[in-house]
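Report on the following structure.
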Amino acid sequence: PSTSYGQELVDEEANRLALKISETTEQFSSEEEARKHLERQELELLEVQEKARDSDLSCLPTVHVKDIPRQKEKKGIRDTSLGKVKLQWREAPTNGLTYFRAVNPFKDLPEELREMIPLFTDAIMRLGTKDKTMEQLEELIKLNTGGISVGYHSTTSPHDINSYEEGLVLSGYALDHNVPAMYELLQAIILETDFDSPEAEQKIRQLLQGSASGAINTVAESGHSYARRFAEAGLTPAGRLTEQIGGLTQVKLTTTLASRPSTDSFADIIAKLKTIQSFAISRSPSMRAALTCGAESSSANEAALDRFLTSLSRTSTVPTTTAPQTSYPRNAKTFFPLPYQVYYSALAIPTVPYVEAAGASLQVLAQLLTHKHLHHEIREKGGAYGGGAYARGLGGLFGFYSYRDPNPSNSLAVMRGAGEWARERQWTARDVEEAKLSVFQSVDAPESVSQEGMTRFLSGVDEDMAQTRREQLLDVTIEDVRDAAEKFLVEGIEKGNLAVLGERKDWVKQADGWQIRDLGMAEKAAGTGDDEGGVDS
């Protein structure tokens, strides 16, 4: 890496600009005439951009909202139980495969253990057990399953944005006759991983160092997502959990642990991982499972799952703690200095639970703002790689973001003014129709059989709730959109949280209310900049 990479980019752009001006000046009798010519070109471009916003699209072929079925086809889902464990069934043609999921919820999980769950789920797939190396386990996983995994689970209640569930989610799929072997492998990697082996500490260090070495680039690849997570962290409990597990908080923890001297013991980290292992899975009353399989294999699957559950401990106790929860900023502006030539920004605002009708209007409003205003102002005029609005129906949040943005001050002003713009805009029926079609592109996206019933299982949104939301989306009016803009984006903007990632410059002043949070990575990656690949949002 070059330590002067950033300055070299600035110098190259300045030289290129000077050359363009020089070439243009040579075509005119004076520099003043050349400058007037360039100004005319700028004004012509602005005129073209403004005309493009109101282009007549009626000549283009399109589907219409009336083509969308009002009633969503219901999937056949039934509920049973095995002992005290609730079991959801989706019986459908699966070509002889069985898909398994289970959620083991945790209550009052201490933060010092929650922040270690990503390392735990990585470690159990790397360390091996006392009887088998990880290579041997991987071979058995490939021979007997299509894959198994263990991950962190959290979701907001559809009835209350301040209620949530968290825990571990287990998943795997296999041919029907290999299902017992799949359960044995899941049990082995979760409960039998050997954290006391001589190589355990070294392998855990390698895991952390591998994650930390690419941290700067990992954040750069989806900086707007990290900005959104942090902006949302102070608004809802589930937002706080998501930030701790997969946000900048987790990035900082990983880099801090990875930078520990090799002479320092990892005994404290291993002790926490072993504590998580002790309560990671159990046959507790709060545990629930879901099976997707063919009807012909239901009996065999129920027997195999019963044997698996019977082999588990009946209870697992999550340790209690008196330590206070980490608090995240609310109604605040937070800046993270990072070595990028571009910026990633997010503004998040709390809204309503999933079951409230206003959520449907916010989903439509997010599409309208993205395609009719923000793309035009933030990308086409501001030069950002991408920008838009989003509505988390289940999370109870509305937000804005910009991605690879050279002009963050402009983008933030556009975001803050978006509510008033939407309220005053003379929306047409065609505008709202297009926005609804964009929403239903994801609502009615094709779904694999393995995913059917999973929204209900993981988040508690049943088919009746989803049907009600579907009807609310179809019935959103122009007036509903204006009301949502007024209530949540104009009146509610002061409840919002702002987060920006990028190089700190003069416009970021603590006197103006900015909180500066240093991740300790601002000087670690000279050369990381705006030539990274990305996806246009």
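The sequence shown begins at 12 in the numbering used here and counts up by one.
Glycine included, C-beta positions come from ideal geometry on N, C-alpha and C.
Go ahead and pull the three-state DSSP assignment for residue i.
| i | result |
| --- | --- |
| N508 | strand |
| Y16 | helix |
| G428 | helix |
| I280 | helix |
| L320 | helix |
| A113 | strand |
| S168 | strand |
| R493 | helix |
| K97 | strand |
| L108 | strand |
| T229 | helix |
| A29 | helix |
| A334 | coil |
| K47 | helix |
| A223 | helix |
| K62 | helix |
| A536 | Caution applies to A536, whose pLDDT of 43 falls short of 50 and renders its modelled position unreliable; the model cannot decide the point. |
| I135 | coil |
| K285 | helix |
| N421 | helix |
| Q82 | coil |
| S273 | coil |
| L530 | coil |
| L71 | coil |
| D541 | Residue placement at D541 cannot be trusted, given a pLDDT of 40 that sits under 50; the coordinates are not used to answer. |
| R515 | coil |
Which residue marks the beginning of the beta strand (DSSP E) containing residue i, and which one marks its end?
| i | result |
| --- | --- |
| G178 | D171 to L186 |
| R89 | I88 to L93 |
| R527 | One detail in the question is off: residue 527 reads as Ile in this sequence, not Arg. Run containing I527: W525 to I527, per the beta strand (DSSP E) assignment. |
Which residues does DSSP pair with residue i in a beta bridge?
| i | result |
| --- | --- |
| S413 | S356 and G398 |
| E102 | C304 |
| Q217 | Beta-bridge pairing links Q217 to no other residue. |
| K77 | In DSSP, K77 forms no bridge with anything. |
| K344 | L509 and W525 |
| S160 | S182 |
| V262 | Its beta-bridge partners do not exist; DSSP assigns none. |
| T140 | T204 |
| L408 | P361 and R403 |
| R299 | K97 and V114 |
Compare the Cα-Cα distances from residue i to each of the options and report the closest residue.
| i | options | result |
| --- | --- | --- |
| T345 | V353, A242, S372 and M298 | A242 |
| K86 | A103, Q374 and L358 | A103 |
| L252 | S310, P129, V443 and I159 | P129 |
| S551 | V114, E313, T166 and L219 | With the chain covering only 12 through 548, there is no way to say anything about residue 551. |
| G430 | R493, V190 and D90 | R493 |
| A211 | A334, V74, L259 and A282 | A282 |
| H48 | A63, K31 and Q60 | K31 |
| G305 | E514, V460, G507 and L512 | V460 |
| T439 | G507, Y396, T488 and T466 | T488 |
| N155 | V161, V190 and V511 | V190 |
| E394 | A377, F409, S420 and G370 | Residue 394 is actually Gly in this sequence, not Glu. Checked all of A377, F409, S420 and G370; the closest Cα to G394 is S420. |
| R101 | A301, T73 and K143 | A301 |
| A495 | A369, D275 and G471 | A369 |
| E123 | E435, A334 and D475 | A334 |
| A315 | D187, M465 and P72 | D187 |
| L385 | G406, D416 and G404 | D416 |
| F347 | A249, S309, L284 and R239 | R239 |
| L108 | L405, E307 and R515 | E307 |
| E458 | K83, L20, Q38 and V74 | K83 |
| H235 | V425, Y414 and N418 | Y414 |
| A446 | L485, E435 and L71 | L485 |
| R467 | V114, E24 and R27 | V114 |
| M136 | A522, E203 and E505 | E203 |
Over what stretch of residues does the alpha helix (DSSP H) that includes residue i continue unbroken?
| i | result |
| --- | --- |
| V190 | V190 to L202 |
| G234 | G234 to A244 |
| A446 | A440 to V454 |
| L500 | Per DSSP, L500 belongs to no alpha helix (DSSP H) and is neither H nor E. |
| D486 | E474 to D486 |
| N155 | M145 to N155 |
| T253 | P248 to G257 |
| S470 | M465 to S470 |
| L124 | E122 to R125 |
What I want to know is whether the C-beta of residue i ends up closer than 7 angstroms to one or more non-hydrogen atoms of the ligand ATP.
| i | result |
| --- | --- |
| L181 | The ligand ATP is absent from the structure shown, which contains no ligand whatsoever. |
Problem - Unbroken stretches of the beta strand (DSSP E), 3 residues or longer, contained in the stretch 347-392 - result: 354-361
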